[in-house]
Amino acid sequence: MADSKKRFTIKPFRTFVQMDKTGAEQIWASLGDAIDEIHHRNASSLSFEELYRNAYNLVLHKHGDLLYAGVSDRLASHLLEIVQRLADVPDSSLLEEMAHAWSEHRITMVMVRDILMYMDRTYVPQNRRRPVYELGLHLFRTTVWEHPRVQPRVTQLLLDAIAEERAGLLTDDRTLLKQNLGMLLELGAADASNVYERDFETLFLGTTQEFYHRESLDFLAKNTAIDYVAKAQGRLEEEKARAAALCLAQTTEGPLQNIVETELIERHAENLVKMENSGFAALLKDETKVDQLRDMYDLLVRVPSSVDYLRDALSERVKIDGAALIADQERGQADPPAFVRGVLKMRDRYGNVVSTAFRGEKRAAKRLRESFEDFLNADARAASCLAIYVDELLRTGLKGATEAEVTAELHKVILVFRYLADKDVFESYYKQHLAKRLLGNKSVSDEAERAMVSQLKAECGYQFTSKLEGMFNDMRISRDTRDAYKRHKKTQQPRQADGNNNGSSKPVDIEVDVLTTGYWPTENVPPCTLPGPVNGAIQLFSDFYLQKHTGRKLSWQTSTGSAELKATFGTAPNKYRKHDLCVSTYQMCILMLFNEKSSLTLGEIRTATSIPDQELRRHLISLCTPKHRILRKGSKGKAITSDSDTFTFNADFTSKMRRVRVPLVSMKETSISGAAGASGASGAVGVGGVAASGGDGYTAAGGAVPENVEEDRRHLVEAAIVRIMKARKRLHHNDLIAEVTKQLSVRFVPSPQFIKKRVEGLIEREYLERDETDRRVYMYVA
Amino acid sequence: GSGSGSGSRSVGPNGVDEDAIVLMFDNIADEDDPYVAGMEGISMLCDDLGIDALEDIRVLVLLWKLGANEKPAQISKEEWKKGCIELRVDSMAKFKALLPALDTGFLDRTEFKDFFKFCFQFNRQGTHRTLDKDLVTALIPMTLKDRVPSKRLSTFCDFLTESKDESYSRITLDQWTSFLDFCYEVEDIADYDEDTSAWPVLIDEYVEYLEELEKK
């Protein structure tokens with residue numbers, strides 16, 4: 008070696024020999040044989056290093072083409088051998104042989120690839136050839152798989168195996184299926200061919216669809232819906248499990264699930280709902296079947312659009328049950344509280360269906376709510392029934408209830424109240440009932456009353472309840488006033504009553520409730536003509552009261568209140584029977600007339616008392632009923648026929664009780680059940696209460712909206728229109744309607760027509776005008 | 634007009650004889666109020682012109698053109714003067730010559746709308762703001778003849794006559810003018826959309842009436 012002061016250079020290998028074609032072929036020959044040996048599993052005698060080196064040299068000396076072509080040919084011929092054998096293998100062992108051949112081939116290819124790794128890394132990418140391993144797989148596909156006596160048979164065997172599984176027969180070995188399918192996937196990946204899809208997946212999905220299409224039809228024809236649901240769920244799970252076990256491609260799972268769901272669920276959803284006796288709709292009728300409903304939901308929810316049928320069925324059921332409740336109420340077979348109890352029961356029941364069967368699904372809950380709103384708001388009857396229900400609760404129903412029970416019961420009322428569109432109708436009736444309870448002292452407890460008001464306040468705001476609270480206040484103040492009056496009377500010297508001397512020298516005792524007009528439901532009924540002693544007592548009280556509250560005016564509500572009369576029946580002195588009659592104010596006025604004359608006509612009574620005709624008839628008839636025949640009616644039959652109908656004092660009246668309460672006959676036209684103005688507050692003799700009896704614009708038959716509420720609505724809508732237009736100055740018709748509706752929806756739902764009529768009224772009164780250029784736009788007139 | 638000395642006629646800016654105009658008015662003025670000519674006087678004018686005060690629409694057109702807007706069923710002296718000057722009529726002859734021009738066919742849509750509104754306003758009674766239904770059913774055919782298909786006119790009048798609705802016993806200005814707009818805008822009731830329309834409820838119900846008729 009030379010001295011190292013010079014640079015080192017690497018000199019070419021001196022023994023480098025240019026390899027010529029013959030040399031190359033020789034080397035290739037040995038490699039080719041080696042491949043054969045590998046193929047025949049005689050690799051142990053080979054030296055990996057030698058083979059690798061040979062291949063390396065070939066490539067290095069630019070004989071890559073030769074090597075590559077040689078490898079390709081050799082592999083192809085091996086594969087030809089394999090396929091010729093496979094083609095003749097019987098069906099019963101084909102899958103196994105196929106899997107075996109595949110497995111062997113892979114092993115071969117791994118070894119071949121390892122030997123030819125240098126070529127893979129250099130020659131292959133440079134010449135854009137398939138890498139060796141992939142080449143091996145590609146050749147396998149084209150040579151072995153796609154053989155006309157191989158592929159069709161294997162495909163069919165695979166499909167048959169799956170079909171057998173579906174038929175309930177156990178397959179021998181899922182492993183074989185898995186291997187064959189895995190082979191297809193790898194083959195496809197190797198040369199980007201879609202052999203898996205073409206030769207398996209498409210057909211598999213096709214047969215799956217046919218199978219389930221047929222099976223579902225057959226099964227449904229012979230079994231109940233609920234049995235079907237179980238079967239379908241089973242099948243869905245089975246398919247899923249199989250896909251996993253067979254390691255089907257990810258891309259197959261989606262379409263597979265889709266197909267099964269479409270065939271099992273989507274196609275039959277409607278039928279499952281409507282099937283007689285066992286369908287969803289039928290099961291809804293049975294309260295005990297909620298779990299089965301849930302099973303059906305769980306199945307159908309896999310295809311979300313199918314759940315529409317379930318929701319429709321629920322809605323239909325509510326509609327039917329609701330209509331039945333209303334029909335009962337209309338026919339008179341159920342009274343208003345029963346109606347409300349029915350609604351509450353329905354709510355519980357179908358609420359449970361939603362939370363259990365529909366698993367609390369929001370859309371179902373919404374649909375349920377809408378269904379309730381639909382049948383409850385067909386007319387205003389629900390509002391009035393609910394008010395009566397509340398009245399019953401607060402008179403007697405909540406007797407002895409704990410605070411928690413009271414809250415719970417009243418809360419249920421609010422739940423139904425929320426469904427109502429005509430909340431203002433409820434308010435009007437509720438107020439009237441409340442007035443009667445307060446004045447008649449009929450409340451089951453003060454706490455319960457206040458609890459109801461506070462629930463309403465929480466629900467609707469203080470504006471809804473401020474007047475109600477005023478009513479409570481009035482009662483409290485009235486009690487104080489009464490006490491003060493009692494004390495005042497004691498200090499007064501006893502005086503003669505002013506007015507007519509009816510033969511009684513002592514002024515009558517009265518108990519007065521003083522009410523603030525704005526808070527209570529008012530009636531514009533002028534007072535009737537009261538007997539003298541009563542007038543005297545009124546005068547005394549008025550003097551007392553107005554002295555304390557100058558500037559106030561008292562208007563006496565004679566349409567309400569009660570009186571206790573001492574009556575003497577019988578003829579001979581020792582056969583006198585004395586009774587205390589508890590009657591209404593009007594009845595008192597009527598009966599007092601009979602102190603002067605024993606017989607009077609209707610006309611005479613009306614003139615003497617100035618009681619309005621309809622009420623007069625009612626209170627008169629109540630005095631002539633078989634059980635309380637204090638007066639005898641001249642004409643035959645129940646009704647009063649004319650003004651000349653006579654009434655005569657009935658001295659023969661008898662009663663077991665010393666105190667006789669005379670109930671009022673009800674007016675059929677009123678939808679407030681129970682006798683309006685029924686008095687009989689024991690011991691209390693009162694004049695000056697307020698309550699609405701029928702036929703005064705405060706009540707309405709059936710589901711009609713009472714006149715007083717209609718009138719309020721007109722005012723409210725007009726006020727809203729003016730308020731909105733004043734703020735906006737210009738507004739399109741549609742926007743105005745929408746805005747008004749929104750503002751009033753807490754109380755009631757005005758129809759667009761109703762609003763439009765009010766708008767026209769305001770145009771007429773020049774609050775608004777139409778835009779000259781666009782008549783659909785309104786403008787505020789300042 | 635300017636004041637004049639004795640004997641000379643005052644001729645206003647339009648070249649019309651203002652005194653003559655005033656004289657014509659005095660002939661028709663009310664007995665109790667020389668500044669106002671009521672229906673009696675107007676009838677007299679019509680007689681002179683040879684037209685029917687009650688049936689001939691040209692009466693209304695004339696009064697409209699003269700500007701009789703202050704109060705219904707009358708024209709004031711000021712209005713008369715101003716109107717006659719504008720129209721350049723200062724004699725009966727000139728009035729008669731004007732008659733052909735009073736055909737409503739000469740009015741375009743906007744002018745006619747204004748005229749139609751006038752017809753309502755002028756025919757009111759005293760301080761009433763509405764017209765009686767019977768008057769309306771008489772006026773509609775009279776005023777809208779040739780401008781609105783006669784079928785529309787007759788069905789509308791039938792509808793009004795047959796209606797038992799209390800609130801339609803009197804018709805408001807808005808309902809009146811809306812009817813004309815409706816005839817212009819909605820020729821085919823299939824196009825009518827009740828939900829989004831801002832037509833008065835009267836029109837909604839009239840359309841329902843027409844739809845019922847079509848079914849039969």
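Protein chains in written order, with my numbering: chain A, 8 to 789; chain B, 634 to 849.
Backbone N, C-alpha and C define an ideal beta-carbon position, used for all residues, glycine too.
Here the structure is a predicted model, which is why all the values come from computation and not from measurement.
Measure the beta-carbon distance from residue i to residue j and round it to whole angstroms, keeping in mind my assumption that it falls under 8 Å.
| i | j | result |
| --- | --- | --- |
| SER673(A) | GLU622(A) | Their Cβ separation, rounded to whole angstroms, is 13 Å, which puts SER673(A) and GLU622(A) out of contact at 8 Å. |
| LYS714(B) | VAL655(B) | 7 Å |
| PHE755(B) | PRO705(B) | 5 Å |
| ASP98(A) | ARG160(A) | 6 Å |
| PHE728(B) | THR810(B) | Their Cβ separation, rounded to whole angstroms, is 29 Å, which puts PHE728(B) and THR810(B) out of contact at 8 Å. |
| SER676(B) | ALA686(B) | 4 Å |
Using the Cα positions of residue i and residue j, report the straight-line distance between them to the nearest angstrom.
| i | j | result |
| --- | --- | --- |
| GLU603(A) | TYR492(A) | 32 Å |
| GLY759(B) | GLU703(B) | 12 Å |
| LEU772(B) | GLN760(A) | 28 Å |
| VAL350(A) | ALA331(A) | 11 Å |
| GLN216(A) | GLU204(A) | 16 Å |
| ILE647(A) | ARG624(A) | 7 Å |
| LEU777(B) | SER758(A) | 33 Å |
| TYR396(A) | GLU456(A) | 14 Å |
| VAL724(A) | GLU746(A) | 11 Å |
| GLN707(B) | LEU846(B) | 40 Å |
| GLN257(A) | LEU93(A) | 30 Å |
| TYR140(A) | TYR219(A) | 40 Å |
Where does residue i fall in DSSP's three states?
| i | result |
| --- | --- |
| MET282(A) | coil |
| CYS254(A) | coil |
| VAL644(B) | strand |
| THR780(A) | coil |
| ALA698(A) | Only weak support exists for where ALA698(A) lies, its pLDDT of 31 falling under 50; the value from the coordinates is given anyway. DSSP places ALA698(A) in coil when its eight states are reduced to three. |
| HIS440(A) | helix |
| ILE34(A) | helix |
| ALA574(A) | strand |
| CYS535(A) | coil |
| HIS220(A) | helix |
| PHE785(A) | In the sequence as presented, Phe is not what sits at residue 785(A); that position holds Tyr. Looking at TYR785(A) - three-state DSSP - the assignment turns out to be strand. |
| ILE708(B) | strand |
| CYS589(A) | strand |
| HIS154(A) | coil |
| LEU401(A) | helix |
| LEU3(A) | The question about residue 3(A) has no answer here: the residues shown for chain A are numbered 8 through 789. |
| ARG721(B) | coil |
| ILE618(A) | coil |
| ALA711(A) | coil |
| LEU772(B) | helix |
| ILE804(B) | strand |
| PHE656(A) | strand |
Just mark residue i as buried or exposed, buried being the case when its beta carbon has 16 or more other beta carbons within 10 Å.
| i | result |
| --- | --- |
| ASP80(A) | exposed |
| GLU753(A) | Per the sequence presented here, residue 753(A) reads as Val, with Glu not at that position. Exposed, since its Cβ has fewer than 16 Cβ neighbours within 10 Å. |
| GLN54(A) | Reading off the sequence, residue 54(A) comes out as Ser, not Gln. It is exposed - the Cβ of SER54(A) has fewer than 16 other Cβ atoms within 10 Å. |
| ASN507(A) | Residue confidence for ASN507(A) is low, a pLDDT of 48 falling below 50, so the modelled location carries little weight; the figure read from the coordinates is stated next. The residue in question, ASN507(A), is exposed, as its Cβ has fewer than 16 Cβ neighbours within 10 Å. |
| TRP832(B) | buried |
| ILE618(A) | buried |
| ARG425(A) | exposed |
| PHE601(A) | buried |
| GLY195(A) | buried |
| THR616(A) | buried |
Can you find at least 3 beta carbon pairs, one from the segment 107-127 of chain A and one from the segment 178-185 of chain A, that sit closer than 8 Å?
no
Meets three-Cβ-pair contact criterion under 8 Å: the segment 426-442 of chain A and the segment 728-740 of chain A:
no
So, do the segment 370-389 of chain A and the segment 413-420 of chain A have three or more beta carbon pairs nearer to each other than 8 Å?
no
Under 8 Å: do the segment 233-241 of chain A and the segment 182-190 of chain A share three or more Cβ pairs, one atom per stretch?
no
If you pair each beta-carbon of the segment 281-290 of chain A with each one of the segment 328-347 of chain A, do three or more pairs fall below 8 Å?
no
The segment 142-156 of chain A in contact with the segment 83-101 of chain A per 3-pair CB rule at 8 Å:
yes
Is the number of C-beta pairs between the segment 655-667 of chain A and the segment 635-642 of chain A that are closer than 8 Å three or more?
A contact exists between the segment 655-667 of chain A and the segment 635-642 of chain A.
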